[in-house]
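One structure is given here, and the rest of the page talks about it.
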Amino acid sequence: GESVGLHLPTLSVQEGDNSIINCAYSNSASDYFIWYKQESGKGPQFIIDIRSNMDKRQGQRVTVLLNKTVKHLSLQIAATQPGDSAVYFCAGEGGAGSYQLTFGKGTKLSVIP
Amino acid sequence: DVKVTQSSRYLVKRTGEKVFLECVQDMDHENMFWYRQDPGLGLRLIYFSYDVKMKEKGDIPEGYSVSREKKERFSLILESASTNQTSMYLCASSLFHGTLGNGYTFGSGTRLTVV
Chain A
442 GESVGLHLPT
452 LSVQEGDNSI
462 INCAYSNSAS
472 DYFIWYKQES
482 GKGPQFIIDI
492 RSNMDKRQGQ
502 RVTVLLNKTV
512 KHLSLQIAAT
522 QPGDSAVYFC
532 AGEGGAGSYQ
542 LTFGKGTKLS
552 VIP
Chain B
2 DVKVTQSSRY
12 LVKRTGEKVF
22 LECVQDMDHE
32 NMFWYRQDPG
42 LGLRLIYFSY
52 DVKMKEKGDI
62 PEGYSVSREK
72 KERFSLILES
82 ASTNQTSMYL
92 CASSLFHGTL
102 GNGYTFGSGT
112 RLTVV
């Protein structure tokens, strides 16, 4: 089955610097990945997604990179702000016919003013 | 703005009680999900539904059941609450399977404590 994990449980970044959060997955059939942000006391919020036929997708201040060869994806946040402090989850969908997302355990991003 | 609404933010129930967690979405989404979130374990799928009156077991369905009588409402039922069901419960919905830009939308969560 799918296994999605994150490399680091916590990450501290200086305000204004770029942040990189990494995630590895095990199911090579996964064809859709999502990054979520969860602030304290709130539900996860969709940030950006990517399909397996892409290797990069950009949003506003965020970029997701997908490396299918090593089954790795990353979330890059440019010019990190205090409001970016949260737990970030990657999630993978299990391939054709699967409705389920499997989530990584999350990385807590702390922004140092 | 699209919304997934969970009826309670905090609940305290006694062991053995029957507990209902309600979730309503206003986006006409086909798919709805119930997850629980625990420290160190992340989000784990309990049940999901891809249509009215349809339900599928997720990874940890034991001790839970669900009901989807209407498209917009997905209820999670703890038949006899136990202390190991103390957790944050998150409801989510999605429009299409794996379509870019249509990631799952989550509710704010219900923090359930069973004493």
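The listed protein sequences correspond, in order, to chains A and B.
Just so you know, the first sequence maps onto residues 442 to 554 in the working numbering.
Just so you know, the second sequence maps onto residues 2 to 116 in the working numbering.
Think of the CB as a built atom: it goes at the ideal place given N, C-alpha and C, for glycine as much as any other residue.
Exercise. Looking at chain B, which residues of the region 495–519 of chain A have a Cβ within less than 7 Å of any of its Cβ atoms?
Worked result: Listed in sequence order: no entries.
Candidates Leu12/B, Phe34/B and Asp29/B, of which the one nearest Leu77/B by Cα:
Phe34/B
Below 9 Å on C-beta distance, what does Gly17/B contact in chain A? Those within 9 Å of Gly17/B in chain A number zero; the least Cβ separation is about 28 Å.
inquiry  = Please state the DSSP three-state secondary structure of Gly524/A.
reply    = helix
Assigned exposure category for Leu42/B - 16 Cβ within 10 Å defines buried
exposed
Hey, does Tyr466/A have any beta-carbon neighbour from chain B nearer than 9 Å? no
Worksheet item: Hey, is Gly545/A's beta-carbon within less than 9 Å of any beta-carbon in chain B?
Response: Gly545/A has a beta carbon lying within less than 9 Å of a beta carbon in chain B.
* Hey, which unbroken runs of the beta strand (DSSP E) at 3 residues or more fall wholly within the region 4–82 of chain B? -> Uninterrupted beta strand (DSSP E) stretches at least 3 residues long and entirely within the region 4–82 of chain B occur at 5–7, 11–14, 20–26, 32–39, 43–50, 65–71 and 74–79, given in chain order.
Next item on the list: Would you kindly work out how many angstroms separate the C-alpha atoms of Leu12/B and Leu113/B, rounded to a whole number?
Entry: 5 Å
Buried or exposed (CB count within 10 angstroms, at least 16 for buried), Ile553/A: Around the Cβ of Ile553/A, a 10 Å sphere holds fewer than 16 other Cβ atoms; the residue is exposed.
For Glu31/B and Val454/A, the rounded distance between their alpha carbons
In this model, Val454/A and Glu31/B are separated by some 39 Å (Cα to Cα).
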